[in-house]
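See below for the structure under consideration.
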Amino acid sequence: MSTYQTGVQVTVKMVWTVAATFLLFSSYTLCTNPGLKVRVTQKALEYGRQVGIQVLQQKLREIQIPDVSGKADVPVIGHVHYQISGMHINDFGLPQSAVGFYAGTGIKLSIDNAYIHITGHWRVKYLFISDSGSFDLSR
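Encoded structure:
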């Protein structure tokens with residue numbers, strides 16, 4: 174028997190095995206209650222929380238916050254034009270977050286003491302007077 178014939182025989186056997194398996198499982202899925210059950214542990218939820226926070230922190234650092242400009246009507250002074258630009262998220266954190274099972278409904282995520290740090294530039298103009306600077310916002 175040549176190598177070609179042996180390869181063909183193996184391929185034919187594989188096709189029959191896959192076909193038989195498919196037929197076996199397809200008849201099973203035609204039952205009245207097909208579905209998938211997944212069991213998630215608290216350890217898996219905690220791992221997902223940690224990975225999710227890391228991804229969220231990375232994505233927030235990449236966000237380009239659009240510039241904001243407009244005018245405000247200030248009593249006594251009048252119309253003041255303003256512009257806020259170059260805003261950038263420097264830091265974001267969820268130091269106290271927890272995830273767990275919530276009876277009967279699913280999963281509960283609680284967050285305490287979250288913080289964010291944003292920097293940028295500002296400019297205001299009233300008539301011929303203008304001023305500008307930078308800001309550092311933390312919450």
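In terms of the numbering used here, the sequence shown opens at residue 174 and continues consecutively.
Idealized CB from N, CA, C, for every residue including glycine.
Just so we're clear, the structure is a prediction, and the values are computed from it rather than from any experiment.
With 16 other Cβ atoms within 10 Å as the buried cut-off, status of ILE236: Position 63 of the sequence shown, counted from the first residue, corresponds to residue 236. Its Cβ having fewer than 16 others within 10 Å, ILE236 is exposed.
Within a Cβ cutoff of 6 Å, which residues of the same chain sit near ILE226, ignoring the five residues on either side of it in sequence? Numbered from its first residue, the sequence shown carries residue 226 at position 53. The answer, listed in chain order, is LEU267.
Can you name the residues that DSSP bridges to ASP240? For the purposes of this step, residue 240 is identified with residue 67 of the sequence shown, where counting begins at 1. ASP240 is not bridged to any residue.
Nearest CA to the CA of GLY306: which residue from ILE280, ARG296, GLY277? In the sequence shown, counting from the first residue as 1, residue 306 sits at position 133. For the residues ILE280, ARG296, GLY277, the minimum Cα distance to GLY306 belongs to ARG296.
At a cut-off of 7 Å, would you count TYR255 as near the ligand HEM, judging by its Cβ distance to the nearest heavy atom? In terms of ligand content, the structure shown is empty, and the ligand HEM therefore cannot be addressed.
I need the boundaries of the beta strand (DSSP E) containing ILE291, first residue and last residue. Within the sequence shown, numbered from 1, the residue matching residue 291 stands at position 118. Where ILE291 is concerned, the enclosing beta strand (DSSP E) stretches over 288-299.
What number of angstroms, rounded off, separates the C-alpha of THR214 from the C-alpha of SER270? In the sequence shown, counting from the first residue as 1, residue 214 sits at position 41. In the sequence shown, counting from the first residue as 1, residue 270 sits at position 97. About 17 Å.
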